[in-house]
Amino acid sequence: MLRLRMCAFARRVKCWSTMTVAATGLATTAVHADYSFDSSFLEIGGGNASSEVAEQVKAMSQGQLPGIYRVDLSVDERLVEQRDLHFVRETASQISTPNGLFPCFSLQALMDLGIDPTRLKNADISADNCVYFNRDLTGVTYDYDFNKQHLSLQVPQAYIGSVPFETRRKTWSDGEQVAFANYSFSGSDYENQFGSRQSQFGSVHSGFNSGAWRFRNFSTWQKGTNVDGSWKSVDTYVQRDLGNLMAIATVGESATDSDLFDTISYRGVGIASDLDMLPDDARNFAPVVRGVANGRSLVTLRQRGYVISEQWVPSGPFALKNLYSTAGNGDIEVTIEGPNGERQVYIQSFASVPYMLREGQQSYAVTAGQYRPAEGAQNSPKPSFVQGTYRRGLTEGTTLFGGSIVSEQYKSALFGFAHDFAGFGAISLDVTHAISEDMGADAKTLSGQSYRFRYSKSIDLTDTSFSLIGYRYSTSGYYSFNEAINARSNNSLEPYVDETLNNSAAFSPYLTGHMKSSFTANVSQQFGTWGGMYANLTKTDYWNRAKSNTSIQLGYSFSVASASYNLGLSQNSGMGDDIRSVSLSVSLPLGSPGSSSRIGLSTNQDSAGNASRNATFSGSQLQDDALSYNLGINQQISDDDRVLGGSVAARYNAANAIWHGSYNKDQNTRQMDYGVEGGVVAIRNTVMFTQPLGETNIIVATPGAADVGVLTKSGIKTNGSGYTIIPSAQPYRKNKVSLNTDSLSDNTDIANLVQEVTPNRGAFVLANFETHNGRRLLVSVSSSTGKPAPFAAEAQLYDPKGTLLSSAMVADKGRVFMTGVPDKARLLINVNGQPWCAKDLDLNTYNLSETGIGQLTIRCDAKSPDTQGTPDA
Numbered sequence: 013m014l015r016l017r018m019c020a021f022a023r024r025v026k027c028w029s030t031m032t033v034a035a036t037g038l039a040t041t042a043v044h045a046d047y048s049f050d051s052s053f054l055e056i057g058g059g060n061a062s063s064e065v066a067e068q069v070k071a072m073s074q075g076q077l078p079g080i081y082r083v084d085l086s087v088d089e090r091l092v093e094q095r096d097l098h099f100v101r102e103t104a105s106q107i108s109t110p111n112g113l114f115p116c117f118s119l120q121a122l123m124d125l126g127i128d129p130t131r132l133k134n135a136d137i138s139a140d141n142c143v144y145f146n147r148d149l150t151g152v153t154y155d156y157d158f159n160k161q162h163l164s165l166q167v168p169q170a171y172i173g174s175v176p177f178e179t180r181r182k183t184w185s186d187g188e189q190v191a192f193a194n195y196s197f198s199g200s201d202y203e204n205q206f207g208s209r210q211s212q213f214g215s216v217h218s219g220f221n222s223g224a225w226r227f228r229n230f231s232t233w234q235k236g237t238n239v240d241g242s243w244k245s246v247d248t249y250v251q252r253d254l255g256n257l258m259a260i261a262t263v264g265e266s267a268t269d270s271d272l273f274d275t276i277s278y279r280g281v282g283i284a285s286d287l288d289m290l291p292d293d294a295r296n297f298a299p300v301v302r303g304v305a306n307g308r309s310l311v312t313l314r315q316r317g318y319v320i321s322e323q324w325v326p327s328g329p330f331a332l333k334n335l336y337s338t339a340g341n342g343d344i345e346v347t348i349e350g351p352n353g354e355r356q357v358y359i360q361s362f363a364s365v366p367y368m369l370r371e372g373q374q375s376y377a378v379t380a381g382q383y384r385p386a387e388g389a390q391n392s393p394k395p396s397f398v399q400g401t402y403r404r405g406l407t408e409g410t411t412l413f414g415g416s417i418v419s420e421q422y423k424s425a426l427f428g429f430a431h432d433f434a435g436f437g438a439i440s441l442d443v444t445h446a447i448s449e450d451m452g453a454d455a456k457t458l459s460g461q462s463y464r465f466r467y468s469k470s471i472d473l474t475d476t477s478f479s480l481i482g483y484r485y486s487t488s489g490y491y492s493f494n495e496a497i498n499a500r501s502n503n504s505l506e507p508y509v510d511e512t513l514n515n516s517a518a519f520s521p522y523l524t525g526h527m528k529s530s531f532t533a534n535v536s537q538q539f540g541t542w543g544g545m546y547a548n549l550t551k552t553d554y555w556n557r558a559k560s561n562t563s564i565q566l567g568y569s570f571s572v573a574s575a576s577y578n579l580g581l582s583q584n585s586g587m588g589d590d591i592r593s594v595s596l597s598v599s600l601p602l603g604s605p606g607s608s609s610r611i612g613l614s615t616n617q618d619s620a621g622n623a624s625r626n627a628t629f630s631g632s633q634l635q636d637d638a639l640s641y642n643l644g645i646n647q648q649i650s651d652d653d654r655v656l657g658g659s660v661a662a663r664y665n666a667a668n669a670i671w672h673g674s675y676n677k678d679q680n681t682r683q684m685d686y687g688v689e690g691g692v693v694a695i696r697n698t699v700m701f702t703q704p705l706g707e708t709n710i711i712v713a714t715p716g717a718a719d720v721g722v723l724t725k726s727g728i729k730t731n732g733s734g735y736t737i738i739p740s741a742q743p744y745r746k747n748k749v750s751l752n753t754d755s756l757s758d759n760t761d762i763a764n765l766v767q768e769v770t771p772n773r774g775a776f777v778l779a780n781f782e783t784h785n786g787r788r789l790l791v792s793v794s795s796s797t798g799k800p801a802p803f804a805a806e807a808q809l810y811d812p813k814g815t816l817l818s819s820a821m822v823a824d825k826g827r828v829f830m831t832g833v834p835d836k837a838r839l840l841i842n843v844n845g846q847p848w849c850a851k852d853l854d855l856n857t858y859n860l861s862e863t864g865i866g867q868l869t870i871r872c873d874a875k876s877p878d879t880q881g882t883p884d885a
């Protein structure tokens with residue numbers, strides 16, 4: 013049996029024609045040859061091939077040769093992965109295809125794709141045997157495009173279940189052992205008629221990965237005109253995932269999430285569910301679609317006009333649970349098509365709020381540690397506490413949730429539920445009861461309740477979305493954990509006043525007042541081609557403060573051709589004077605279609621008599637639009653002055669950092685801003701300077717090939733050692749890495765330009781591309797008498813140290829195509845395992861072009877391997 017891999021050379025070379033035997037469909041590659049064949053396949057003296065090989069050759073005339081091929085696999089039009097797959101000769105029990113090959117999937121392989129094994133007709137199939145679709149899995153069809161090496165499976169939706177957790181977990185990667193630092197630095201120089209000031213700020217997220225362990229620190233640095241620079245550590249912790257518990261464990265200085273309670277900074281230990289570990293069809297809330305089928309029926313679900321699911325169901329009641337969550341709200345159109353073509357169509361509405369989980373799913377978090385006060389509150393108490401939260405998805409679109417905080421002088425308990433009321437929307441209600449001790453100068457014990465309501469709804473008919481409307485009311489005796497600690501640190505129940513602000517009722521950002529109620533609403537309305545509008549409202553009242561904090565934002569935007577228009581209204585009150593403002597902006601394209609150049613015009617007017625007028629010219633240059641720029645003229649208008657100024661700004665996405673700067677000047681002031689952000693990664697024997705890193709990252713390796721671009725992000729290229737970083741990968745999901753073929757040099761070939769990796773959270777996972785650096789040659793090999801090398805003989809390429817670089821089969825007329833050929837190499841031709849020709853090559857002695865594919869004619873003799881070759885003119 014031949015073991016073959018289809019080649020996929022970089023650039024336009026898919027498989028060199030001389031390496032393809034058109035008559036038989038045999039294809040191979042100089043780089044990827046990984047095969048074995050009967051030693052009697054060829055005889056130098058013209059002997060006959062063995063009967064086994066003869067049968068194979070006969071079979072090849074009826075289609076492609078069986079073996080192992082690397083294919084792109086898709087299921088129901090969704091690309092799943094690239095894998096080496098065994099193909100066998102089709103039989104009468106299988107589906108007939110032009111190439112005559114049938115993909116051999118084991119039972120375990122089908123289960124790994126999420127296909128329900130209970131659908132098999134033959135229950136006795138062993139885990140390693142081929143599953144034949146027509147015989148064992150009726151309804152599954154496939155299409156194998158041999159030339160593109162793409163295999164497409166069409167699987168009835170009823171056969172699809174969730175991929176087993178252990179199967180998905182096996183694909184997760186802890187990544188490489190690395191040390192890294194993600195940095196950001198910015199500065200500003202400001203000057204006016206009264207003086208000047210300078211300020212700089214920097215932050216560093218640094219860490220070290222070893223296996224599944226993540227060591228992290230976040231620190232900041234700040235310097236002002238009269239303030240010396242100083243470093244402050246914000247968080248330091250160790251973290252790792254607990255796959256069996258589908259959770260993340262954290263030890264050190266960190267903060268709780270704000271899921272049910274307010275965020276609390278702590279020094280201790282925490283364990284919290286990571287819902288990203290769930291598959292897409294179970295991660296976010298989606299309704300259970302129920303109905304009744306009159307006979308075996310096809311159920312089609314549409315949302316916003318798009319088909320989101322098709323499933324075959326048996327006769328009788330059905331419940332579809334494995335839906336992908338496409339939007340938090342909206343109507344689902346359900347169509348049931350029966351066996352005789354009759355149709356039932358109805359609408360099932362659904363909505364969700366942030367707390368909701370799918371039926372059967374759960375989420376939990378437990379934290380134990382010591383409270384960490386914020387900067388500026390060093391005298392604050394530091395009590396120990398334990399916090400726990402839990403959510404559970406029940407039937408009929410209901411989620412129950414609860415939690416508790418227990419500390420030395422504080423205790424609270426929360427309970428609530430969320431429910432999808434279908435056409436009415438989704439609602440959540442919860443109540444928290446809290447007891448706070450040692451409050452105020454007379455050390456009172458206070459207790460109270462806080463009631464919270466949230467609502468979410470989309471109306472497809474009018475394209476209206478109430479994305480989140482929330483209201484919270486707290487009694488005067490209720491204090492959150494942070495509020496209680498702040499009150500005790502002040503030894504007063506009165507508001508903390510920041511005397512540096514003009515408004516005596518203004519609160520410090522960290523020592524806030526005692527909240528009474530808050531209301532939030534986010535509404536959007538789309539008008540089709542006429543654009544859309546939004547309205548955002550936030551209002552907060554306090555028990556110990558007379559004035560409310562209120563923010564209202566209204567906006568309308570629309571586009572005509574490539575021009576866009578925006579109108580905005582806003583009002584802010586509570587911190588100083590009430591300010592109302594209106595703004596209008598227009599953005600117009602400049603130049604040919606597809607050009608990035610634009611002209612912008614904007615104006616703004618507020619109730620205090622201040623106004624601004626701006627005109628800008630913006631665009632981008634260089635490959636991947638790496639350099640963006642903005643030139644502007646502006647006018648500031650007040651009751652007693654008009655000031656004209658100009659500005660220039662630029663941003664450059666380099667491979668090793670992002671640089672940005674701006675300069676603004678008018679009649680009264682001058683300001684210059686500058687900054688840089690990026691990352692440093694040390695892996696193995698390489699140090700990389702990269703664009704800013706994300707939480708989870710991909711290391712791209714093209715050994716020996718520099719300046720290879722990546723399609724996923726602007727400006728990213730491999731360094732001199734062949735390494736680069738793709739930041740912000742999705743954890744626990746397949747991430748596709750695609751190289752830019754236009755960035756490859758003529759003497760670089762990469763066998764597979766696309767890879768998929770699945771990192772754990774916080775991992776630096778490696779996508780290592782098999783890279784061949786050297787010349788591409790088409791070599792014609794013949795004996796000293798001019799006899800071409802035998803067809804299908806084995807050609808092997810060695811470096812001067814005797815290391816095998818690549819191998820291939822000789823095509824017709826003794827020609828062989830090889831890539832990655834170094835300047836000095838040895839070419840060996842074998843027939844029946846015996847040397848037929850050996851030739852030492854020194855490419856510097858040949859008149860070869862530095863680019864493209866070189867051609868050589870080599871004449872040698874088995875008895876005289878060092879016979880001189882003859883360059884091909």
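Residue numbers (the working numbering): 13 to 885.
By construction, the Cβ of each residue, glycine as well, lies at the ideal position given by its N, Cα and C atoms.
Beta-ladder partner(s) of residue i, from DSSP
i           : result
residue 3   : Nothing about residue 3 can be read from this structure; the chain reaches only from 13 to 885.
residue 233 : 214, 243
residue 672 : 663, 687
residue 99  : 79, 115
residue 439 : 431, 467
Close beta carbons around residue i, own chain, < 6 Å, minus the five adjacent residues each side
i           : result
residue 767 : 749, 779
residue 96  : 80, 82
residue 449 : 421, 457
residue 563 : 550, 584
Given residue i as reference, the closest of the options once Cα atoms are compared
i           : options            : result
residue 671 : 661, 677, 858, 822 : 661
residue 676 : 701, 696, 648, 665 : 648
residue 680 : 790, 658, 698      : 658
residue 774 : 228, 485, 436, 256 : 228
residue 858 : 835, 575, 543      : 835
residue 579 : 617, 603, 669, 586 : 617
residue 764 : 94, 540, 244       : 94
residue 607 : 171, 629, 614      : 629
Terminal residues of the alpha helix (DSSP H) in which residue i lies
i           : result
residue 545 : Unbroken run through residue 545 is the beta strand (DSSP E), 544–554; no alpha helix (DSSP H).
residue 124 : 119–124
Spatial neighbours of residue i in its chain, beta-carbon cut-off 8 Å, leaving aside the 5 residues before and after
i           : result
residue 447 : 422, 423, 424, 457, 458, 459
Where the beta strand (DSSP E) containing residue i begins and where it ends
i           : result
residue 617 : 610–618
residue 890 : Nothing about residue 890 can be read from this structure; the chain reaches only from 13 to 885.
residue 265 : 259–267
residue 849 : 846–854
residue 403 : 396–405
residue 203 : 190–204
residue 813 : Taken as a continuous stretch (DSSP letters only), residue 813 belongs to no beta strand (DSSP E), as it is neither H nor E.
Own chain, CB closer than 7 Å to residue i, minus 5 neighbours either side, in chain order
i           : result
residue 189 : 221, 222
residue 406 : 371, 412
Any chain C beta carbon closer than 8 Å to residue i
i           : result
residue 480 : Considering every chain present, this structure includes no chain C. It has just one protein chain.
For the region 437–453 against the region 373–383, are there 3 or more C-beta pairs whose distance is under 8 Å?
With the rule of 3 Cβ pairs closer than 8 Å, the region 437–453 does not count as touching the region 373–383.
Decide if the region 179–199 is in contact with the region 698–708; the criterion is three or more beta carbon pairs, one per stretch, under 8 Å apart.
Yes: at least three Cβ pairs fall under 8 Å.
Stretch-stretch touch, CB-based, cutoff 8 Å, three pairs: the region 140–152 with the region 729–736
These segments do not touch.
Using a Cβ distance threshold of 8 Å, determine whether the region 399–415 contacts the region 257–264, with at least three qualifying pairs required.
Touching, no, given that fewer than three Cβ pairs across the two stretches are closer than 8 Å.
Below 8 Å, can you find three or more Cβ-Cβ pairs linking the region 790–806 to the region 827–834?
Per the Cβ contact rule, the region 790–806 is in contact with the region 827–834 (3 or more Cβ pairs under 8 Å).
Below 8 Å, can you find three or more Cβ-Cβ pairs linking the region 428–446 to the region 461–478?
The region 428–446 is in contact with the region 461–478.
Cβ contact check for the region 713–721 and the region 678–693: 3 or more pairs under 8 Å
No, the region 713–721 does not touch the region 678–693.
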